[in-house]
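K.L.:
Residue numbers (our numbering): -16 to 115. All residues carry an ideal CB built from backbone N, CA and C; glycine is no exception. In this text the structure is predicted, and so the values were computed from the model without any measurement.
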Amino acid sequence: FNCTPNLVVRQRPAMFISVLFAFPASQNVTVFHVNPASYGYAPVNMDTGDALGDMYFDIRGVVTPIECAHQSPSRGHDCDNAEVTANDLVITKLVLNVKSFGQYGRCNICVNGTDHHGNNSCVDGAYWCSCG
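Below is the structure:
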């Protein structure tokens, strides 16, 4: 799945991932991704965020036990979100050299047939993405 065409991923030593686009680049952007280590370090078919976005996601995960104690349909999706609750979470840092940006890829690990972004027929355990 790819919201941005012509994406090439190259893995480097020390778990550093470099993602380069096939068009001339004009700026470097540093982004991060949180996921269970069992899914690998390269965020393929996974969304990323800048430092503030990633910190929001990480800090929000601290309140998960409180949120899940009083679960509601509108807020309870993090209670079974492996990107929040897994015991083997890792943070991957990427430096992107980009000229332009495409649509945001909303990606989650499918749990109980849903990605919590509107797809209720995905395959459990697989990352599932939609653009927009």
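May I ask you to list the residues that DSSP assigns as paired with Cys90?
P.N.:
DSSP output for Cys90 lists Cys112 as bridge partner(s).
K.L.:
Should Asn70 go down as buried or exposed, given a rule of 16 or more other Cβ atoms within 10 Å for buried?
P.N.:
Under this definition Asn70 is an exposed residue.
K.L.:
Kindly list the residues whose CB is nearer than 7 Å to the CB of Gly96, restricted to its own chain and excluding five residues on each side of it in sequence; keep chain order.
P.N.:
Excluding sequence neighbours, Gly96 sits near Asn103, Ser104, Cys105 and Asp107.
K.L.:
Buried or exposed: Asp33, going by 16 or more other Cβ atoms within 10 Å of its Cβ?
P.N.:
Exposed is the call here.
K.L.:
Give the single residue among Ile74, Asn80, Asn11 and Asn91 whose Cα lies nearest to the Cα of Met38.
P.N.:
Among Ile74, Asn80, Asn11 and Asn91, the Cα nearest to that of Met38 is on Ile74.
K.L.:
Between which two residues does the alpha helix (DSSP H) containing Pro48 stretch?
P.N.:
Counting along the chain, the alpha helix (DSSP H) containing Pro48 begins and ends at Thr47 to Ala52.
K.L.:
Assign Cys93 to buried or exposed, taking buried as 16 or more other Cβ atoms, counted over all protein chains shown, within 10 Å of its Cβ.
P.N.:
With 16 or more other Cβ atoms within 10 Å, it is buried.
K.L.:
Which partner residues of Phe15 appear in the DSSP bridge assignment?
P.N.:
DSSP lists Gly32 and Lys76 as partners of Phe15.
K.L.:
Closest to Asn91 by CA distance: which of Val67, Val12 and Ser83 is it?
P.N.:
That would be Val67, whose Cα lies nearest to the Cα of Asn91.
K.L.:
Which two residues bound the contiguous alpha helix (DSSP H) that contains Ala65?
P.N.:
First-last of the alpha helix (DSSP H) with Ala65: Ala65 to Thr68.
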